[in-house]
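Visitor: Chains as they are written, first to last, in full-length UniProt numbering: chain A, 1 to 132; chain B, 1 to 132.
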DNA sequence: ATATCTGTTATACAACAAATATAACAGTTG
DNA sequence: CAACTGTTATATTTGTTGTATAACAGATAT
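1. Please list the terminal residues of the continuous alpha helix (DSSP H) segment that includes residue 20(B).
2. Is the stretch 97-113 of chain A in contact with the stretch 82-98 of chain B, if contact means three or more CB pairs nearer than 8 angstroms?
3. Whole angstroms is fine: what's the gap from residue 124(A)'s alpha carbon to residue 36(A)'s?
4. Can you name, in chain order, every residue of its own chain whose Cβ lies under 8 angstroms from the Cβ of residue 105(B), other than the five neighbours on each side?
5. Looking at C-beta atoms only, is the number of pairs between the stretch 61-77 of chain A and the stretch 23-32 of chain A that lie closer than 8 angstroms three or more?
6. Write down the C-beta distance between residue 20(B) and residue 6(B) rounded to the nearest angstrom, noting that I regard them as a contact closer than 8 angstroms.
7. Quick check on residue 124(A) - is its C-beta less than 8 angstroms from some C-beta in chain B?
8. Of the residues that make up the stretch 66-99 of chain A, which ones have a beta carbon closer than 8 angstroms to any beta carbon in chain B?
9. So residue 104(A) is in the alpha helix (DSSP H); what residue range does that whole segment cover?
10. With distance defined between alpha-carbon atoms, name the residue in 38(B), 120(B), 9(B) nearest to residue 72(B).
11. Where does residue 2(A) fall in DSSP's three states?
12. Any C-beta of chain A within less than 9 angstroms: which residues of the stretch 21-41 of chain B qualify?
13. Comparing the C-beta of residue 117(B) with each C-beta of chain A, is any distance below 8 angstroms?
14. Counting only Cβ-Cβ distances shorter than 8 angstroms, please list the residues of the stretch 100-113 of chain A near chain B, keeping chain order.
15. Using alpha carbons as the reference points, say which of 126(A), 107(A), 99(A) lies closest to residue 117(B).
16. Less than 8 angstroms between the CB atoms is what I'm expecting for residue 18(A) and residue 50(A), so what's the real figure, rounded?
17. Which residues in the same chain have their Cβ closer than 7 angstroms to the Cβ of residue 1(B), if we skip the five residues on either side of it in sequence?
18. Quick check on the burial criterion: 16 or more other C-beta atoms within 10 angstroms. Buried or exposed for residue 22(A)?
19. For a test of the three-state rule: what should DSSP assign to residue 53(B), helix, strand or coil?
20. Taking the DSSP output, what are the residues bridged to residue 35(B)?
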């Protein structure tokens, strides 16, 4: 999977990494059971420090997306993804409400917003588009 | 309008302030032309520093949600809200994609996600529920 | 067994962001 | 003139982000 980082972004690198790995899983470019690069090799590939990758991996492990087998490597959770927990629902609401509120302010009607969400949903689930 | 801050949150206070003001406008609890408290009085009310409120106001001004009249006060933009600019669309995509990708990972199907977005949309547009 | 690969931990450092604390300035309004 | 606006400046504290090294401990391949 190709990782694209924007070093100019105000989004932390470890967050960009987490987001791209999660989208990779959502788009089935990364399948459960599939191994991810080691912290050192990924860090080297994308030109960041080992600890930055390790932070992303550790947080993804805490949320249940990946498993880390000591001395063996990092693998997309073969037991499946975490489900819709109450904690997750609260986090999702905290993320969605501000986005929806701003859309409303700017005059976006409900149908248009739903159309946009749907198109992103389709776009993610219809990857892989690895080759361009 | 009632402002609720979570001092334990990892979301910066000035961001929480911006979000709540934007949701206040979206829900029509704050109407265009309506005056907001001065930086000093709001800061005093919610128990934060003057500069924290000023940062939120300044950013809201930059995005076009409010106007700041020197020596007169802060007012919800009476010329209307900013529209759907390309910059905004990019920001919105950057905010939405990670949320949608995680929802997909966790097994939320498209209909359920759309239902959630719709319910938040309705919830925001059907405030004010000031009295509980 | 020895070298090499894992993740893990620890420490130190630089740069930056967030928030506070004071203070002062410059216009507006009562 | 006093009191209120937003604005600007400076300083300090605290926490986050990211880098840099280094070492540890277990697994694996030669």
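Backbone N, C-alpha and C fix where the C-beta goes; we use that ideal spot for every residue, glycine too.
Guide: This is what the structure gives:
1. As a first step, residue 20(B) must be located in the second chain, where it is residue number 20. Residue 20(B) -> alpha helix (DSSP H) spans 13-26.
2. Taking 8 angstroms as the limit for Cβ pairs, the verdict is that the stretch 82-98 of chain B does touch the stretch 97-113 of chain A.
3. Stepping through the first chain from its first residue, residue 124(A) is reached at position 124. Stepping through the first chain from its first residue, residue 36(A) is reached at position 36. Roughly 20 angstroms separates the two Cα atoms.
4. On the second chain, position 105 is the one that residue 105(B) refers to. Excluding residues within five positions, none has a Cβ falling inside 8 angstroms.
5. Yes, they touch.
6. Translated into the one-based positions of the second chain, residue 20(B) becomes position 20. Translated into the one-based positions of the second chain, residue 6(B) becomes position 6. Between residue 20(B) and residue 6(B), the beta carbon gap of about 11 angstroms keeps them out of contact (Cβ cut-off 8 angstroms).
7. As a first step, residue 124(A) is located in the first chain; it is residue number 124 there, counting from the start. Interface criterion met: the Cβ of residue 124(A) is under 8 angstroms from a Cβ in chain B.
8. Within the stretch 66-99 of chain A, the residues whose Cβ lies closer than 8 angstroms to some Cβ of chain B are 81, 82, 83, 84, 88, 92, 93, 94, 95, 96, 97, 98, 99, listed in chain order.
9. Position 104 of the first chain, counting from 1, holds the residue named residue 104(A). For residue 104(A), the enclosing alpha helix (DSSP H) stretches over residues 86-105.
10. The sequence position of residue 72(B) within the second chain is 72, counting from 1. Cα-wise, what sits closest to residue 72(B) is 38(B).
11. Your numbering for residue 2(A) matches position 2 in the first chain. In this structure, residue 2(A) counts as coil in the three-state DSSP scheme.
12. For the stretch 21-41 of chain B, the residues whose beta carbon sits under 9 angstroms from a beta carbon of chain A are, in order, 22, 23, 24, 25, 26, 27.
13. Residue numbering aside, residue 117(B) sits at position 117 when the second chain is read from its first letter. Cβ-Cβ to chain A under 8 angstroms: yes for residue 117(B).
14. Residues 100, 101, 102, 103, 104, 105, 106, 107, 108, 110, 113.
15. Taking the second chain and counting its residues from 1, the one referred to as residue 117(B) is at position 117. Out of 126(A), 107(A), 99(A), 99(A) has the C-alpha closest to the C-alpha of residue 117(B).
16. Position 18 of the first chain, counted from the first residue, corresponds to residue 18(A). Position 50 of the first chain, counted from the first residue, corresponds to residue 50(A). No, residue 18(A) and residue 50(A) are not in contact; Cβ-Cβ is about 16 angstroms, not under 8 angstroms.
17. Mapped onto the second chain, residue 1(B) falls at position 1. Excluding sequence neighbours, residue 1(B) sits near 24, 29, 30.
18. As a working note, residue 22(A) is residue 22 in the first chain. Residue burial is scored here from C-beta neighbours: residue 22(A) has at least 16 other C-beta atoms within 10 angstroms and is therefore classed as buried.
19. Here residue 53(B) corresponds to residue number 53 of the second chain, with the count starting at 1. If DSSP states are grouped into helix, strand and coil, residue 53(B) belongs with the helices.
20. On the second chain, residue 35(B) is found 35 positions in, with the first residue counted as 1. Looking at the DSSP assignment, residue 35(B) forms a beta bridge with 75(B).
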